[in-house]
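In what follows, a single structure is set out as structure tokens and then discussed.
In the numbering used here, the protein residues as written are 303 to 533.
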């Protein structure tokens, strides 16, 4: 069977590695350890304050508006401040513990290993991620993803972030791939899908929650199992 693609470029967080589940487990553990019930009525109240702050800071980081070190701390310092805790040193410790311990969690998106087992004999597979270099390799090792991938491209190491054309150009070239034989698979319309478009790469939008969107995408899947039909 002749296959159009030879190289698959997968996003990591939210596409293969279940960031939401792993982060929630870690945050719940830290909420208890740091006795945050002193400031919040419940874990749910803390999480509802944290989520929009974290999303906004990540958007700023992707745009190059803030540094990683600021994101590390501020995503916890800000919700702490909202509920009367001005201890930035505690927020820094909390952030450090979160980063280290979340990376040890192993939840994957549904069917991830099944699909990777199916794809591995036919394709060279690579990771493309804007995640922090300190933890991305560890996530892959602990969760069993590492053996499936030939190369891992982390924005901090590349020197450019998705959706930059520079990032995708570097990844494709370093993988010794041709653009016409490469496919990007990711859950983020801006970082993954627009990034692929910026470099004229074919792409698949992974949309497990079936969120509505205005972007035009080449292919869209709601389950990783659908990759077996596409590829």
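Quick reminder that beta carbons are idealized off the backbone N, C-alpha and C, glycines included.
Check                                                                                                                                                                                 : Outcome
With a threshold of 16 other CB atoms inside 10 Å of the CB of residue 424, please say whether the residue is buried or exposed.                                                      : exposed
Just to confirm, is the Cβ distance from residue 530 to residue 420 under 7 Å?                                                                                                        : yes
Could you tell me the alpha carbon to alpha carbon distance between residue 354 and residue 432, rounded to whole angstroms?                                                          : 19 Å
Starting from the Cα of residue 446, find the closest Cα among 504, 418, 368 and 359 and give me that residue.                                                                        : 418
Among residues of its own chain, excluding the 5 on either side of residue 382, which ones have a beta-carbon nearer than 6 Å to its beta-carbon?                                     : 393
For the alpha helix (DSSP H) holding residue 484, just list the boundary residues, first then last.                                                                                   : Run containing residue 484: none in the alpha helix (DSSP H); it sits in the beta strand (DSSP E), 484 to 488.
Helix, strand or coil for residue 336 per DSSP?                                                                                                                                       : coil
Is the CB-CB distance between residue 504 and residue 485 below 7 Å?                                                                                                                  : yes
Label residue 416 either buried or exposed according to how many other C-beta atoms from any shown protein chain fall within 10 Å of its C-beta, with 16 as the threshold for buried. : exposed
What does DSSP give as the partner residue(s) for residue 378 in the beta ladder?                                                                                                     : BP columns for residue 378 are empty, so no partner.
Per the contact definition of three or more C-beta pairs closer than 8 Å, is the segment 392 to 407 in contact with the segment 320 to 334?                                           : yes
Would you mind listing the alpha helix (DSSP H) stretches within the segment 449 to 520 that are 4+ residues and don't spill past its ends, in chain order?                           : 457 to 460, 467 to 476 and 497 to 500
Are there three or more Cβ pairs, one per stretch, closer than 8 Å when the segment 473 to 485 is compared with the segment 496 to 516?                                               : yes
Since residue 493 and residue 364 are thought to touch, with beta carbons under 8 Å apart, how far apart are those beta carbons, to the nearest angstrom?                             : 6 Å
Under the DSSP definition of a beta bridge, which residues are partnered with residue 311?                                                                                            : 428 and 486
Quick one: grab the DSSP three-state call for residue 368.                                                                                                                            : coil
Are there 16 or more other CB atoms within 10 angstroms of the CB of residue 376, so buried, or fewer, so exposed?                                                                    : buried
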